[in-house]
Amino acid sequence: MLDLLVKAVAYSSCIGIGAAAITLIYNATRTFNFAHASLVAWGIYMVFTGVYLLGLSPYAFVPIAALLGAAIGLAIYFGVNRWLLRAKASMVNLMMSTLGVDLVLFGVLNIYSDYLIATYKVPAKYFVLEVRDPIIELGGARIRLVGVVAPLILVALVVALHLFLTRTKVGVAMRASIENPELAKISGINTDVIYALAWAIGGALAALSGALLSLVISGYTAVGMTTIVSFFAGAIVGGLFSIFGSLLGGLLIGLSEFLGITLLGNTLGGWVYAYRPAIPLAALAITLLLKPEGLAGFVVKVRE
Amino acid sequence: MLPPELLLIIINFAIGLIITISLNIEVGLLNIPQFGRLLAVVMGAIIAAAVPGRILAATMGYPWGAEYADHMYNFKIVSEINRALAVNPALSIGIFLLTLAIAAAVGGLMGLLCAYPALRLKETLGIVLLAFGDLAVTIAWNYEPIVGGTTGVFVIDPFIFVGTQLRFTVAALVALLAALAVYAYAELLVRSPYGRMLKAIRDAEIAAGIYGKDAVKARKQVLVVGGAISAIAGALWAFFTGSMKAVTYTRLQWTFWPWAFMMLGGVGNNFGILVGVLIYTVARFLIIVYKGVISAVVGISPEWLEYILVGLLIIAIILFRPQGLFPEKPVYSLPKRRIHEIISRVERELESRT
């Protein structure tokens with residue numbers, strides 16, 4: 125039970141981090157980022173590379189994965205997204221363009237994985253990195269390190285993002301450009317830089333969540349396509365206009381996927397487990413139909 | 003009998019055309035972000051796999067409940083049914099048409115289901131529809147009594163009476179015929195007063211509303227029509243392949259690729275879509291045929307090359323030619339000659355007055 129709880133906490137922290145990335149990019153550039161799937165997968169494969177090829181600890185490559193994610197995010201912005209925003213492309217076109225990017229990244233990832241298999245004879249098609257995660261003693265219980273690291277990173281991100289968005293000039297400029305781009309431009313904010321920054325942070329968070337996720341779930345090239353639904357669900361349950369709402373929404377989705385299904389399985393029987401992928405999908409659909417403003421909606425209500 | 007290469011092109015073209023046309027009716031004419039095309043397609047395939055076989059099994063005295071989808075019995079039951087269908091063309095054609103009708107009805111129902119969020123959400127609608135499609139596949143993949151879950155089921159073969167050699171050819175040609183019928187329907191729809199109303203609602207909803215056009219009703223109707231058409235495509239595909247496995251119905255293949263065809267050809271232009279589907283089908287076929295050559299020259303598996311090329315294609319279209327190869331044009335509701343006649347007559351009358 126403890127093992128499951130630790131895994132659930134680690135998994136849902138990862139989903140929270142990734143959901144925040146989707147929300148950040150969506151709010152800054154009105155782009156629903158489908159390339160998130162491949163960014164997550166690339167994060168996982170970076171950790172795989174570090175562990176299998178260089179024999180490093182899985183955590184050594186987590187920051188490198190984040191850097192790669194930031195670089196890909198910047199490339200997407202300067203290569204595609206920026207021109208579409210300038211041409212005032214429709215939301216559907218913005219979304220479809222990131223799908224195109226996702227297919228390219230997915231293809232390249234598969235080529236990379238084929239290359240790893242052919243050259244280094246490592247199992248790059250399917251792997252489980254969980255066993256490479258060191259076990260630590262915490263209050264007498266032996267748990268995997270990721271159960272501590274992932275929630276800590278989540279908390280650190282909440283603090284860092286909060287400070288960034290409220291205490292730094294760039295952060296305030298970012299909020300201004302998200303709320304009212306025209307007014308922000310008039311007051312001298314270079315929205316181009318702000319959007320690029322949003323894509324860089326979003327890409328980094330996506331790859332970071334993937335890198336941490338590699339220690340919880342098994343890795344394969346299409347892993348992003350199967351997990352992206354949970355990230356979308358987290359972002360939407362969180363309300364899609366609040367980064368902190370998304371962090372919370374992702375946590376909620378992850379916990380319900382892991383713990384909810386166990387509770388249901390205990391009461392209804394083992395056949396429920398197979399329907400785990402249905403949980404984020406159902407949560408997503410129900411939230412949008414019943415309370416489209418999500419968790420963040422409650423906060424706004426209280427403030428009013 | 004047609005060579006297998008040509009068959010592959012025909013069936014992929016036919017199914018792709020039906021689905022993309024149905025997508026275009028929703029996206030091109032009414033601007034509904036239909037990212038859940040998969041839902042209606044997979045429902046059509048489920049109907050083809052689960053319903054006609056059960057009807058025949060029940061009438062012929064075989065088990066038709068949950069046992070029908072059990073992989074221990076399914077193969078035997080289906081091969082018995084096929085043996086009966088092989089000598090009974092009338093029954094085969096009847097059950098085939100009945101299945102298509104049921105599939106269309108269920109696809110229409112799925113459209114109604116999509117209408118609930120479609121009338122309430124704007125920006126996030128596409129994501130909800132996408133979730134609906136994935137949800138349907140997840141359930142079909144895990145709940146065995148419908149279509150066998152992970153093991154899948156065999157689909158009865160209504161084309162078997164022409165012989166095992168010829169059945170693929172006939173199935174592909176029937177699908178092509180259906181695709182051309184759908185194309186003709188879509189062309190008539192665009193040219194009809196109803197089609198013009200849809201475009202009016204798409205371009206200026208408030209203005210159309212002032213003239214008494216009901217946007218809510220139109221959205222519902224279009225979703226039902228689109229769902230019904232793509233469910234037929236799903237059923238035709240299941241009949242052609244002869245088996246149904248829920249996991250092969252992915253959102254990439256049945257939602258996103260039709261989107262790519264549509265954007266390549268031109269959103270809102272049926273002819274453009276026909277060309278878009280044709281280009282893509284042939285290109286994909288060439289990649290498959292020259293697999294060995296490609297991987298020898300480029301040094302990578304052509305499967306991944308295909309993903310990269312489609313991805314780059316989508317990006318390039320959106321960046322450089324968002325209206326597609328064949329942009330949407332105003333359609334003439336009368337033949338051009340008649341319109342010119344009317345114009346010259348009016349001009350003559352005006353001249354004679356002055």
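Residue numbers (the working numbering), protein chains in the order written: chain Z, 125 to 428; chain V, 3 to 356.
Cβ atoms here follow ideal geometry from the backbone N, Cα and C, with glycine treated the same way.
Source: prediction; values computed, not measured.
Check, Outcome
"Integer Cβ distance of F365/Z from A420/Z, believed to fall under 8 Å", "6 Å"
"Straight-line Cα distance separating F382/Z from L131/V", "24 Å"
"Beta-carbon proximity list for V272/Z, same chain, < 8 Å, skipping 5 on both sides", "I260 and L262"
"Close Cβ partners of L58/V (< 6 Å) along its chain, the five nearest in sequence each way excluded", "I83"
"Proximal chain A residues relative to I360/Z, where beta-carbon distance stays under 7 Å", "Given the protein chain composition of this structure (Z and V), no chain A is represented."
"Min CB distance S303/V to chain Z below 8 Å", "yes"
"Anticipated Cβ contact below 8 Å, W261/V with L32/V, distance rounded", "In fact, because the Cβ distance is near 15 Å, the residues do not count as touching under 8 Å."
"Identified DSSP bridge partners for V155/V", "M246/V"
"Closest by C-alpha distance to K249/Z, when choosing among Y399/Z, G394/Z, Y344/Z and D226/Z", "Y344/Z"
"Neighbourhood of I313/Z by C-beta, 8 Å cutoff - its chain only, sequence neighbours within 5 removed", "A297, A300 and S301"
"Terminal residues of the alpha helix (DSSP H) in which L10/V lies", "P6 to L32"
"Nearest neighbour of V164/Z, chosen from V130/Z, W207/Z, L229/Z and V246/Z [CA to CA]", "L229/Z"
"Residues that I259/Z bridges to, as DSSP identifies them", "R268/Z"
"Endpoints, alpha helix (DSSP H) assigned at E189/V", "R169 to R193"
"Rounded separation between I325/Z and L285/Z - CA only", "10 Å"
"Local conformation of L158/Z per DSSP, three classes", "The residue you asked about is not Leu; residue 158/Z is Phe in the sequence shown. Note: F158/Z maps to coil in three-state DSSP."
"Cβ neighbour criterion (16 or more within 10 Å) applied to W323/Z", "buried"
"Same chain, Cβ closer than 7 Å to L253/Z, five either side skipped, listed in chain order", "V171, F172, V175, P182, S338, L339 and G343"
"Residue-chain proximity (G267/V, chain Z), Cβ-Cβ < 8 Å", "no"
"Cβ separation of Y251/V and V43/V, assumed to be a contact under 8 Å, to the nearest whole Å", "7 Å"
"Cβ of A133/V within 8 Å of any chain Z Cβ", "yes"
"Same chain, Cβ closer than 7 Å to V277/V, neighbours up to 5 away in sequence not counted", "G267, L327 and F328"
"N-terminal and C-terminal residue of the alpha helix (DSSP H) that G313/V is part of", "P304 to F322"
"8 Å Cβ cutoff met for A50/V and A105/V", "yes"
"Beta bridge counterpart(s) of G343/Z as assigned by DSSP", "F251/Z"
"Test item: CB-CB of I341/Z and T126/V under 8 Å", "no"
"Chain Z contact residues for V348/V, given Cβ-Cβ distances below 9 Å", "Per Cβ cutoff of 9 Å: no residues; V348/V is ~38 Å from chain Z at best."
"Cβ-based burial, D226/Z [other Cβ within 10 Å; buried from 16]", "buried"
"Cβ pair F273/V, A177/V closer than 8 Å", "no"
"Which listed residue (I21/V, N76/V and L121/V) has its alpha carbon closest to that of D216/V", "L121/V"
"Three or more C-beta pairs below 8 Å linking the stretch 82 to 98 of chain V and the stretch 370 to 378 of chain Z", "no"
"Of the listed residues V232/Z, G264/Z, A335/Z and A145/Z, nearest to V282/Z (C-alpha basis)", "A145/Z"
"DSSP three-state assignment for E82/V, whether helix, strand or coil", "helix"
"Proximal residues, the stretch 230 to 245 of chain Z versus chain V, C-beta separation under 9 Å", "F230, G231, V232, L233, N234, I235, D238 and Y239"
"8 Å Cβ cutoff, A280/Z in contact with chain V", "no"
"Under the three-state DSSP convention, the category W66/V falls into", "coil"
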